[in-house]
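In what follows, a single structure is set out as structure tokens and then discussed.
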Amino acid sequence: NANWRGVSLRDILQQAGVEEGAKEVVFFGADFAIEEIRGREVEKSFA
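Here it is as structure tokens:
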């Protein structure tokens with residue numbers, strides 16, 4: 003869980019082009035490792 007402050011997350015997601023009805027969002031940070039999610043390798047953030 004996180005406590006979001008600042009710019010509205012909705013505004014950020016709209017600017018990023020996330021489609022209405024999306025079920026999940028994956029965020030990437032500057033610090034990362036590789037992790038497998040649903041059979042695909044993705045970078046994992048440690049922030």
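Quick note, the sequence shown lines up with residues 3 to 49 if you use this note's numbering.
Beta carbons: idealized from backbone N, C-alpha and C, even for Gly.
#1: So LEU15 and VAL27 are supposed to be a Cβ contact under 8 Å. How far apart are they, rounded?
#2: Quick one: what does DSSP say ARG42 is sitting in, helix, strand or coil?
#3: Taking the C-alpha atoms as reference points, what is the distance between GLU59 and ARG42?
Judging by the given coordinates:
#1: 7 Å
#2: strand
#3: For the chain, the structure presents residues 3 to 49; residue 59 sits outside this window and is missing.
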